[in-house]
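Residue numbers (my numbering): 206 to 423.
A quick write-up on the structure given underneath.
This is how it looks when you write it as structure tokens:
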């Protein structure tokens, strides 16, 4: 007879994300090539509850020190998340580390998690091995960014890529509420007031007309 598996202890990954969405940020990389075949790494940080992009930056030389700098800039004096979800990229310093804090023995999968806990007071959470769908929201944004912005241009430099990414993020955060959050306007200040129901609809070009922001005017 086939033995029956015992129910797992604690909550599932989906339940954890749902219960703590307002306290979770997720980060990820995507790559983009220039016309001169230079690989540019785009680093994105998203707030899970609102799907808002908190930070986006680019580099041609990704490193653990560079990632730490981005996280410091992301949380200078403002809102600090409780958790940061990331993948198992070697950039984050892949090694198992043990640290004794009082009577508790703490284990970290990478150096980034150790640094986050000691310096920023954020709990780093690597996604499980072999489970790329464990961080679907930021993965979906990366696909959206590529299909709606990056694939429409030929880039000459990393600065050119950064300009396009930042303009698209301003449009994404301020003009289009996420359908996954049922079009709830929070936390976007531009969308808290109900839009006018009468008036002419105009199209504001984004990225030179690749996308448009539709608004009503009096």
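The beta-carbon is built from N, C-alpha and C at its ideal position, and this holds for glycine as well.
When the alpha-carbon of residue 287 is set against those of 368, 221, 422 and 406, the nearest one is in 221. With fewer than 16 other Cβ atoms inside 10 Å of its own Cβ, residue 337 counts as exposed. Exclusion of the five residues before and after residue 342 leaves 231, 251, 253 and 256 as the residues of its chain whose Cβ lies within less than 7 Å of its Cβ. In the DSSP annotation of this structure, the continuous segment of the alpha helix (DSSP H) that includes residue 377 starts and ends at 363-380. Around the beta-carbon of residue 340, 16 or more other beta-carbon atoms lie within 10 Å, marking it buried.
Proximity of the segment 344-361 to the segment 314-324 falls short of the contact definition, fewer than three beta-carbon pairs being nearer than 8 Å.
Under the three-state reduction of DSSP output, residue 334 falls in the coil class, being neither helix nor strand.
Per the C-alpha coordinates, the member of 402, 401, 372 and 295 positioned closest to residue 410 is 372.
Looking from the CA of residue 329, the closest CA among 362, 292, 244 and 355 belongs to 292. In this structure residue 289 is buried. Its beta-carbon is surrounded by 16 or more other beta-carbon atoms within 10 angstroms.
The beta carbon of residue 403 is closer than 8 Å to those of 421 in its chain, skipping five residues each way along the sequence.
Burial check for residue 359: the Cβ neighbour count within 10 Å stays below 16, so the residue is exposed.
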